Amino acid sequence: MDSTFTKSPGWLGWYSNPSTPRFTLPAGTVDAHCHVFGPGNEFPFAPERKYTPCDAGKDQLFALRDHLGVSRNVIVQATCHGADNSAMVDAVRASKGRARGVATVRPDISDAELERLDAAGVRGVRFNFLKRLVNAAPQEELAAIARRIAPLGWHVVIYFEGQDLEGLEGFFGSLPTPLVVDHMGRPDVAKPATGPEFGRFLRFVENNDVWVKVSCPERLSISGPPALDGEPAPYRDVMAFGRTVVEAFPDRVLWGTDWPHPNLTHHMPDDGLLVDYIPHVATTPDLQHKLLVTNPMNLYWPGENA
Ligand code: 0GY
Numbered sequence: 018m019d020s021t022f023t024k025s026p027g028w029l030g031w032y033s034n035p036s037t038p039r040f041t042l043p044a045g046t047v048d049a050h051c052h053v054f055g056p057g058n059e060f061p062f063a064p065e066r067k068y069t070p071c072d073a074g075k076d077q078l079f080a081l082r083d084h085l086g087v088s089r090n091v092i093v094q095a096t097c098h099g100a101d102n103s104a105m106v107d108a109v110r111a112s113k114g115r116a117r118g119v120a121t122v123r124p125d126i127s128d129a130e131l132e133r134l135d136a137a138g139v140r141g142v143r144f145n146f147l148k149r150l151v152n153a154a155p156q157e158e159l160a161a162i163a164r165r166i167a168p169l170g171w172h173v174v175i176y177f178e179g180q181d182l183e184g185l186e187g188f189f190g191s192l193p194t195p196l197v198v199d200h201m202g203r204p205d206v207a208k209p210a211t212g213p214e215f216g217r218f219l220r221f222v223e224n225n226d227v228w229v230k231v232s233c234p235e236r237l238s239i240s241g242p243p244a245l246d247g248e249p250a251p252y253r254d255v256m257a258f259g260r261t262v263v264e265a266f267p268d269r270v271l272w273g274t275d276w277p278h279p280n281l282t283h284h285m286p287d288d289g290l291l292v293d294y295i296p297h298v299a300t301t302p303d304l305q306h307k308l309l310v311t312n313p314m315n316l317y318w319p320g321e322n323a
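Heads up: the sequence shown at position 141 corresponds to 158 in this note's numbering, and the numbers run straight through without jumps.
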């Protein structure tokens with residue numbers, strides 16, 4: 018049952034009956050980008066939120082994890098919860114070591130609270146540059162947060178759109194932590210993966226301590242997930258971007274579902290199909306293992322066996 022909150026008009030709920038993937042995920046696979054929403058009557062959405070989602074709690078996330086054959090999750094604080102990390106932390110704790118978290122924090126957060134988040138399993142903070150999701154925070158404020166979290170060995174997750182990289186890359190390069198880019202920096206897939214805009218992104222990754230999530234084909238795609246001749250051809254206009262990144266930076270790529278897929282307006286992806294997309298961008302067992310297991314383990318569970 019949904020909480021007492023009223024969902025944003027046109028809100029699409031997550032796919033309730035995902036297919037069983039044809040692609041078998043390697044043992045130890047990490048879904049390195051997903052969220053929890055509420056449930057709102059237990060973990061209220063933040064007053065400053067830009068959207069009100071459906072409920073999508075930890076039990077539903079863990080059921081999807083098990084259905085897809087995923088072992089672990091990285092749960093990224095969603096903007097609808099602002100800087101109240103309670104729902105995310107509750108889910109990470111409930112996972113019994115099978116999830117890590119990425120938080121949203123304000124610069125006045127206490128050392129004790131940072132330590133509490135660290136002990137719970139948080140390993141990063143997210144800086145969001147999408148105006149439809151957050152009011153822009155001053156860069157000095159973000160830099161101050163990065164300086165606070167660097168000694169904990171955390172990283173900064175950055176979410177921006179492709180055309181904005183030019184204005185932001187100097188700031189990103191000045192941050193003292195590793196960076197993790199959401200959704201390949203949101204390229205405009207109407208432009209070629211070999212073109213100058215994506216070229217700038219690839220140079221940025223090459224020249225900095227950057228990891229890249231080759232996630233969200235469903236969000237970036239213009240063609241969508243049509244079935245051709247009865248065969249799924251998942252998000253083919255995004256494939257060249259993902260494959261380019263995986264092949265150029267095989268040791269610094271991550272994959273995630275982005276469940277429960279906030280703010281999609283045209284279609285809600287079948288999460289099983291998102292798994293079937295993976296071998297189109299990571300085309301060999303070796304690349305798949307790095308993308309799905311080795312790399313996220315190195316970043317989020319260093320020293321642990323998958
Ligand atoms: C994503 C993408 C989006 C939303 C959020 O925290 C969020 O609200 O991340 C988006 O609307 O593009 O990564 O889930």
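Quick reminder that beta carbons are idealized off the backbone N, C-alpha and C, glycines included. Quick caveat, the model's predicted, so the values are computed rather than measured.
Coarse secondary structure for I239, derived from DSSP in three states: DSSP places I239 in the coil class of the three-state scheme, outside both helix and strand.
Straight-line gap, T121 to V292 (C-alpha atoms, nearest Å): For T121 and V292, the gap between their C-alpha atoms comes out near 28 Å.
Cβ shell of R149 (< 7 Å), same chain only, five flanking positions each side left out: Answer for R149: K67, listed in chain order.
Cα-Cα separation, G74 to R82: Taking the straight line from one Cα to the other gives about 13 Å.
Local Cβ density within 10 Å of H172, reported as buried at 16 or more and exposed below that: By the 10 Å Cβ count, H172 comes out buried.
Simplified DSSP state of N90, which is helix, strand or coil: In the structure shown, N90 sits in a strand (DSSP, three-state: E or B).
Per-residue burial, K230 [other beta carbons within 10 Å of its own, 16 or more giving buried]: Only buried fits K230, as 16 or more other CB atoms lie within 10 angstroms of its CB.
R220 to L182 span [Cα, whole Å]: Using only the alpha carbons, I get a separation of about 11 Å.
Touching by the beta-carbon criterion (3+ pairs, under 8 Å), the stretch 35 to 49 and the stretch 272 to 288: These segments touch.
Proximal residues to A137 (C-beta, below 8 Å), its chain only, five neighbours per side dropped: Sequence-distant Cβ neighbours of A137 in its own chain, meaning closer than 8 Å and more than five residues away, are V106, V109, R110 and G118.
H200 classed as buried or exposed, judged by whether at least 16 other C-beta atoms fall within 10 angstroms: If you draw a 10 Å sphere on the C-beta of H200, you find 16 or more other C-beta atoms in it, and that means buried.
C-alpha distance - D226 paired with P195, whole-angstrom precision: Those two C-alpha atoms are separated by around 5 Å.
Among L192, P193 and V222, nearest to G202 - alpha-carbon criterion: Comparing Cα positions, the closest option is V222.
Contact between the stretch 166 to 180 and the stretch 128 to 142 (3+ Cβ pairs under 8 Å): Cβ pair count under 8 Å is three or more, so yes.
heavy atom of ligand 1 below 7 Å from N280 C-beta: Within the cutoff, so yes.
Own chain partners of G86 with C-beta closer than 6 Å, once the 5 adjacent residues on each side are dropped: Answer for G86: L42, listed in chain order.
Residues that DSSP places opposite K208 in a beta bridge: Residue pairing from DSSP leaves K208 without any beta-bridge partner.
With 16 other Cβ atoms within 10 Å as the buried cut-off, status of G259: Its Cβ being crowded by 16 or more others within 10 Å, G259 is buried.
M18, DSSP secondary structure in three states: Because M18 sits at a pLDDT of 47, beneath the cut-off of 50, its placement in the model cannot be relied upon, and the following sentence gives the value as read from the coordinates. Taken through DSSP and simplified to helix, strand or coil, M18 comes out as coil.
Same chain, Cβ closer than 7 Å to V263, five either side skipped, listed in chain order: Non-local beta-carbon contacts of V263 in its own chain, meaning distances under 7 Å to residues more than five positions away in sequence, involve V231, V270, V298, A299, L304 and L308 in chain order.
3 or more residues per run - each beta strand (DSSP E) lying fully within the stretch 132 to 202: Under the rule that a run must span 3 or more residues, the beta strand (DSSP E) segments found entirely inside the stretch 132 to 202 read 139 to 145, 172 to 176 and 196 to 198.
CA-to-CA distance, G187 to M18, given in whole angstroms: Note that M18 scores 47 on pLDDT, short of 50, meaning its location in the model is unreliable; the coordinates nonetheless yield the value given after this. Using only the alpha carbons, I get a separation of about 46 Å.
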